[in-house]
Amino acid sequence: MINRYYKFSQYLKQRFNEPVRKLSLDLGLGCPNRDGFLSTGGCIYCDESGSGTGKKDISIEEQIETGLKRLSSTGTEKVIGYFQSFTNTYCSPEFLEEKLNILLNYPEIAMIYIGTRPDMITADHLRVLENINKKKEIGIEFGLQSSNDRTLETINRRHSVKDFENAVNITKQFKFFITAHVIIGLPGETQEDNINTARFLSGLKIDSVKIHQLYVVRETRLELLYLTGEYIPLKFEEAVENTIAFLRHLRRDIIIQRLTGDPKPGQASAPNWIHDKARFLKSVEDNLEGLNSFQGDLL
Numbered sequence: 001m002i003n004r005y006y007k008f009s010q011y012l013k014q015r016f017n018e019p020v021r022k023l024s025l026d027l028g029l030g031c032p033n034r035d036g037f038l039s040t041g042g043c044i045y046c047d048e049s050g051s052g053t054g055k056k057d058i059s060i061e062e063q064i065e066t067g068l069k070r071l072s073s074t075g076t077e078k079v080i081g082y083f084q085s086f087t088n089t090y091c092s093p094e095f096l097e098e099k100l101n102i103l104l105n106y107p108e109i110a111m112i113y114i115g116t117r118p119d120m121i122t123a124d125h126l127r128v129l130e131n132i133n134k135k136k137e138i139g140i141e142f143g144l145q146s147s148n149d150r151t152l153e154t155i156n157r158r159h160s161v162k163d164f165e166n167a168v169n170i171t172k173q174f175k176f177f178i179t180a181h182v183i184i185g186l187p188g189e190t191q192e193d194n195i196n197t198a199r200f201l202s203g204l205k206i207d208s209v210k211i212h213q214l215y216v217v218r219e220t221r222l223e224l225l226y227l228t229g230e231y232i233p234l235k236f237e238e239a240v241e242n243t244i245a246f247l248r249h250l251r252r253d254i255i256i257q258r259l260t261g262d263p264k265p266g267q268a269s270a271p272n273w274i275h276d277k278a279r280f281l282k283s284v285e286d287n288l289e290g291l292n293s294f295q296g297d298l299l
């Protein structure tokens, strides 16, 4: 089968020569867009858990050992220690160093991966991560969501596109693996916005992209907009078409970590198609094949 876009699984097999799975971990940190440092509302699509794992009160050691035991039953020998919840550099460099050093004690952890905001990383954080990177590879995921500043204001991100660009440029000086998180289906955005975001990212020194198809999480401001008819989620076909347009305008050496997320049971109130990930992925593949198209072929 022809690979029409650069899949993360393909990269991991090339990089580590064996299957590697993500192990979700939680530093128990917060978000400056919720606690009043930047805002108290948070992003309009984010609920109180902030993509939380529910593990914030459990020690890092226990999280790792429980996760490794669970994954070992599937035959997984290597994992990526992934800190996703909230903003994982919203802390002192010393705290970050202390917690991440714990992961160095586990040979099963092939890579450490940290999700954060582009406006919440400092030179001191990067120096700490640089020291750890000498012993175990570090990946940093910055939330961009869109390259349209107007959209970022609409969704209350409280950072700018320039903040993201600056963060990438500074971080790349330290040779880290850099990922951009983007969202398709944001309020007011069109396919052209998605294409512009892909083109913008193609001009930066990033290594991978993680795509999220926007779904309405219960008890969020986005749900209020949905219930009042002010936000209409993308139809299945629209989401597929926009995703393909994004891929075709994205530099072909950029790794695609995923094309859509997995809402927890009962978490998403709309759209209904978001619960069938396999159907979405197959449709993207089938449409790319039908068009005889590839990642980056329109860039």
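Quick note on this note's numbering: the sequence shown kicks off at 1 and runs consecutively. Heads up, the beta-carbon is just placed ideally off N, CA and C, and yes, glycines get one too. A quick note: this is a predicted structure, and the numbers were derived from the prediction, not measured.
query	result
Helix, strand or coil for Thr-154 per DSSP?	helix
Taking the alpha-carbon positions, what's the Lys-334 to Lys-205 distance?	What the structure shows of the chain is the stretch from 1 to 299, and residue 334 is not part of that stretch, so it cannot be assessed.
At a cut of 8 Å, does the segment 212-219 reach the segment 232-252 through at least three beta carbon pairs?	yes
Quick one: what's Gln-295 bridged to in DSSP?	Answer is none; Gln-295 lacks a bridge partner.
Going by beta-carbon coordinates alone, are Thr-87 and Arg-117 separated by less than 8 Å?	yes
Among the candidates Ile-112, Thr-122, His-275, whose CA atom is the shortest distance from the CA of Lys-264?	His-275
In chain order, what residues of the same chain lie with their CB nearer than 8 Å to the CB of Ile-184, ignoring the 5 residues before and after it?	Asn-194, Ile-211, His-212, Gln-213, Leu-214, Leu-234, Ala-239, Asn-242, Thr-243, Phe-246
According to DSSP, simplified to helix, strand and coil, what is Thr-179?	strand
Grab me the residues of Gly-41's own chain with a C-beta within less than 6 Å of its C-beta, minus the 5 sequence neighbours each way, in chain order.	Asn-156
Around the Cβ of Leu-186, are there at least 16 other Cβ atoms within 10 angstroms (buried) or fewer (exposed)?	buried
Specify the secondary structure class of Phe-83 as computed by DSSP and reduced to three states.	strand
Can you tell me which residues form a DSSP beta bridge with Arg-258?	Lys-210
Under a three-way DSSP split, which group does Tyr-113 fall into?	strand
Going by other Cβ atoms of all chains shown within 10 Å of its Cβ, with 16 needed for buried, is Arg-4 buried or exposed?	buried
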